[in-house]
Amino acid sequence: MTNPEGKEPEVLRCLVLSTSHMAFEDDVILTLLSDQDGGDEENAWRWIHETSGGFLIRMNARTDTGFFLRGRGISDDLCQLLEVIVREYNVSLIQFDMDGDVLPEFPVFSW
1288 MTNPEGKEPE VLRCLVLSTS HMAFEDDVIL TLLSDQDGGD EENAWRWIHE TSGGFLIRMN
1348 ARTDTGFFLR GRGISDDLCQ LLEVIVREYN VSLIQFDMDG DVLPEFPVFS W
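Under the numbering used here, the first residue of the sequence shown carries the number 1288, and numbering increases by one thereafter.
What follows is the structure in structure tokens.
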């Protein structure tokens, strides 16, 4: 199926990871950033979405996603994981879910 201009619809790759790859503090910050009424001047809620079991982050929504998240207090461990995942797995979306996969080469947190 094509749209009226004849272009194919955009399809994004998504990797599902365990929320254990983020620290409790990262969860708190992402919750605040995903809140449409939270007052974030950069409108992060447009590309960071809270789900019933974690978060969905659209990594290609900004050219400076890692820099932006670090500036908001997200841990270096999580920012490094996000940057490596995007580069190594060629994904645009990362879903953090409590039942997601754990990648052994990255830190995990229990909280």
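Every residue gets a Cβ at the ideal spot worked out from N, C-alpha and C, and that includes glycine.
* **Proximal residues to I1335 (C-beta, below 7 Å), its chain only, five neighbours per side dropped** => Cβ within range, chain order: L1317, L1320, S1321, F1342, I1344.
* Asked: By DSSP, does T1306 sit in helix, in strand, or in coil?
  -> Of the three classes helix, strand and coil, the one that applies to T1306 here is helix, per DSSP.
* To do: Look at the Cβ atom of R1300, then the Cβ atom of L1380, and state whether they are nearer than 8 Å.
  => A contact, by the Cβ cut-off of 8 Å.
* Within the same chain, show all residues whose beta-carbon is closer than 6 Å to that of M1309, passing over the 5 residues directly before and after it, in chain order. => Here the set comprises L1365.
* **N1352 - DSSP class collapsed to helix/strand/coil** => Strictly speaking, residue 1352 in this sequence is Thr, with Asn absent from that position. In this structure, T1352 counts as helix in the three-state DSSP scheme.
* With F1393 as the anchor, note down where its beta strand (DSSP E) starts and where it stops. => Segment: none, F1393 is in no beta strand (DSSP E) and carries neither H nor E.
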